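Notes follow once the structure below has been shown.
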Amino acid sequence: MTTTAEVEKPRTDPGSERAPRPRPGRIRRIGLPYLLLLPALVLELLVHLVPMVIGIVMSFKELTQFYIRDWGTAPWSGLDNYKVSVDFDAPVGEALLHSFLVTVGFTLLSVGLCWLIGTAAAIFMQDTFRGRGLLRALFLVPYALPVYAAVITWVFMFQHDNGLVNHVLHDQLHLTDKPSFWLIGDNSFYALLTVSVWKGWPFAFLIVMAGLQNIPGELYEAAALDGAGRWQQIRRITLPSLGAVNQVLLLVLFLWTFNDFNTPFVLFGRAAPEAADLISVHIYQASFVTWNFGTGSAMSVLLLLFLLAVTGVYLAVTSRGRRASHAR
Amino acid sequence: MRADSPMAPPRSFLWSRRIFLTLLTGFVLLPVYVMVSSSLKPLADVTGKFRWLPSGLTIRPYIDIWSTVPLARYFVNSLVVAGAATVCSVVIAVFSAYAVSRYDFRGKRVFTVTVLSTQMFPGILFLLPLFLLYVNIGNTTGIALFGSRGGLILTYLTFSLPFSIWMLIGYFDSVPRDLDEAALVDGCGPLGALFRIVVPAAIPGIVAVAVYAFMTAWGEVLFASVMTNDTTRTLAVGLQGYSTLNDVYWNQIMAASLVVSVPVVAGFLLLQRYLVAGLTAGAVK
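If you read the protein sequences in the order shown, they are chains A and B. Just so it is clear: in the first sequence, position 25 is 25 by my numbering, and no numbers are missing. Just so it is clear: in the second sequence, position 125 is 1125 by my numbering, and no numbers are missing.
What follows is the structure, encoded as structure tokens:
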């Protein structure tokens, strides 16, 4: 948490510097800001923080189906749930580790591709050209579509007998000997990745597009006068200027993709194939199939700790990097 | 923008752009085409081999979707839940963002960091505790949160709240303070300054936040799948109902997907200008 607080500094400080310290007349209403924050605070407490604490408590209990009705009476089990989760030689821990590794691989690929496509599209659409507005609207459609409606369309496209993908790859291009299964077996990883990138890149596009508007035009003009071509301008001016935007964008994409439940859940239903067993669905299954909520909670807590650690390290490293490059 | 860039882009740039954007457009539009064309196909077309062109056009799926599953009820549920969550979320976010943007107070950083960090919580972590919490609140106070629209509204509005607050802080920061200080001097209270000066000046940001909140609630699946019952089921869960044992009515599923997408996609495309502007002001700092 301390690292996060440190990193917050550059964002909030300019604001309070710009504002003069509150004059005596305004201090009179000292309680007002708290009053204004109250609704948000109460709701965040009720829906996020209190359940999170309950979840942590649950992870130390033997909360099986017998105790669901009155979970307070479930016996304490110490660290048993955690031991089961991280015992990688036993089936439960092994499956969790596998799911974790799949999720890491999937997330890195998906975030990388989303960022690449989004950035390329935003840079290519910086100039005005005919049809640019229409194209921009089209590109935002995957982001605007409700997840389930979009993913269910992909489910149809990935069908073995009547789907578009097999029709094109097998019937029309003859690339495969026989129609492949996309939603079960090893291919399901690529199916999931495709859908995730299709769904996720417009957000990167949107953010990078917004970031590009903050780059002063004089920079490009100066570079052009110095004889820098378009590709050089992109490499020397555009990409470095996006540093601050990318710092936040990559983190947000990472967290969203890592925690994504909706896409795999709609794509595969409750039983995700092993090759595409993302951690959220895995924990959901582990909780609701075995009705062992204690272990499920322990897994969730481990997941949260991992995300906290990654976020902390990421922010510390990238902020130091950015400060260093600013100092130069 | 770069329209007045002194150097015309080289040929290699133009061709890369043409090829890249063409491929990307194909990728983006493929599922959209499948959705639209399949929704107009007779059942035989979607149970047999995939066809690029329908053997005949029919609007039958659009009629049948309403009777195969109670789609109208799901639609109303989604509309009520997403609408109420949006309104509440925006109002609460406006208050919070105003406090953070305009006041210095103890715990300001703790507040922003805590609220933002809820974004990284895996939903699965608080799904079950929240479920237990709602059931317990219902048992002790009689307020039915579990299985009701109210519980879902409450849950969804907190999903969009952190991002909304964050975006609005940036937006409010860009509204010159002199304006609301002038209003304060003129005798408006702080709330008067908020609603007469800051909010009108930040309308694009507020619209963007509202669009975001509505989309979040309209598309959520995980909590909807656990926290609703037959009467409160939303579209996110209800849409699964078109698969029967013998046949999957893919043409109806596509028609229903299209129908439930139209309100959000249309709204989003109409208001996307504001969303981009809002992001420019808020998220990108």
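The C-beta atom is built at its ideal place from N, Cα and C for all residues, glycine as well. If you're wondering where the values come from, they're calculated on a predicted model, not measured in any experiment.
* Which partner residues of Trp-76/A appear in the DSSP bridge assignment? -> Lys-61/A
* To do: Note the first and the last residue of the continuous alpha helix (DSSP H) segment covering Asp-1034/B.
  => In the sequence on display, residue 1034/B carries Val and not Asp. Unbroken alpha helix (DSSP H) run through Val-1034/B: 1011-1038.
* To do: Could you check the C-alpha separation between Asp-212/A and Thr-128/A for me, to the nearest Å?
  => The sequence shown places Leu at residue 212/A, not Asp. Looking at the two C-alpha atoms, the distance is approximately 13 Å.
* Hey, does Glu-55/A have any beta-carbon neighbour from chain B nearer than 7 Å? -> The question names Glu, but residue 55/A in the sequence shown is Gly. Closer than 7 Å to some Cβ of chain B, the Cβ of Gly-55/A qualifies, so yes.
* To do: Compare the Cα-Cα distances from Ile-1253/B to each of Lys-1049/B, Leu-1040/B and Val-1110/B and report the closest residue.
  => Leu-1040/B
* Asked: Are there three or more Cβ pairs, one per stretch, closer than 8 Å when the stretch 1139-1146 of chain B is compared with the stretch 1070-1077 of chain B?
  -> no
* Distance, Cα to Cα, Pro-22/A vs Ser-1101/B? -> For Pro-22/A, the pLDDT reaches just 49, beneath the cut-off of 50, and the residue's location in the model is therefore unreliable, although a value from the coordinates is still provided. Pro-22/A and Ser-1101/B: Cα-Cα distance of roughly 12 Å.
* To do: Check Gly-163/A in the structure and name its three-state DSSP category.
  => coil
* Within chain A, the residues that Arg-1233/B reaches when beta carbons sit closer than 8 Å -> The premise fails here: Arg-1233/B is roughly 13 Å from chain A at the closest Cβ pair, so nothing lies under 8 Å.
* Buried versus exposed, by CB contacts within 10 Å (16 or more), Glu-94/A -> exposed
* Asked: Excluding sequence positions up to five away, which residues of its chain have a Cβ less than 7 Å from the Cβ of Trp-1218/B?
  -> Ser-1078, Ala-1082 and Val-1264
* Close Cβ partners of Ile-1165/B (< 7 Å) along its chain, the five nearest in sequence each way excluded -> Ala-1093, Ser-1096, Ala-1097 and Val-1115
* Within the same chain, show all residues whose beta-carbon is closer than 6 Å to that of Asn-1136/B, passing over the 5 residues directly before and after it, in chain order. => Answer for Asn-1136/B: no residue qualifies.
* Asked: Taking Cβ-Cβ distances shorter than 7 Å, what residues in chain B pair up with Val-190/A?
  -> First, the residue type needs correcting, since residue 190/A is Tyr and not Val in the sequence shown. Result: empty, since nearest Cβ-Cβ is about 14 Å, beyond 7 Å.
* Asked: From the beta carbon of Ile-1124/B, is the nearest beta carbon of chain A less than 7 Å away?
  -> yes
* For Val-1175/B, three-class secondary structure by DSSP -> coil
* Closest by CA to Arg-270/A, which one among Val-1221/B, Phe-1268/B and Phe-1131/B? -> Checking every option, the nearest Cα to that of Arg-270/A belongs to Val-1221/B.
* Asked: At a Cβ threshold of 7 Å, is Tyr-1103/B touching chain A?
  -> yes
* **chain C contacts made by the stretch 128-140 of chain A, where a contact means CB separation under 7 Å** => The chain inventory of the structure shown lacks chain C, comprising the protein chains A and B.
* Asked: Touch check for the stretch 1057-1064 of chain B and the stretch 1231-1239 of chain B: three-plus C-beta pairs under 8 Å?
  -> no
* **8 Å contact criterion, which Ala-1213/B and Ser-1160/B should meet: CB distance rounded** => About 4 Å; that satisfies the 8 Å criterion.
* Spell out a yes or no on whether the stretch 1117-1132 of chain B and the stretch 294-303 of chain A are touching, meaning 3 or more CB-CB pairs, one atom from each, closer than 8 Å. => yes
* Select from Thr-107/A, Met-58/A, Trp-182/A and Leu-242/A the residue whose C-alpha is nearest the C-alpha of Asn-259/A. => Thr-107/A
* Output yes if chain B places a C-beta closer than 7 Å to the C-beta of Arg-236/A; else output no. => With its beta carbon at least 7 Å from every one in chain B, Arg-236/A lies outside the interface.
* Nearest-angstrom Cα distance between Thr-119/A and Pro-142/A? -> 16 Å
* **Sub-7 Å separation of Tyr-985/B and Phe-1146/B beta-carbons** => The requested residue 985/B does not occur in the structure, where chain B is confined to residues 1001 to 1285.
* Asked: chain B beta carbons: is any one of them nearer than 7 Å to that of Pro-179/A?
  -> no
* Asked: Looking only at its own chain, which residues have a Cβ that is under 8 Å from the Cβ of Ile-27/A, when we skip the five neighbours before and after it?
  -> Legend: pLDDT at Ile-27/A = 48, less than 50; position of this residue unreliable, value from coordinates given subsequently. Here the set comprises nothing.
* Could you work out which residues of chain B lie near Gly-296/A, taking near to mean beta carbons separated by less than 9 Å? => Ile-1124 and Leu-1128
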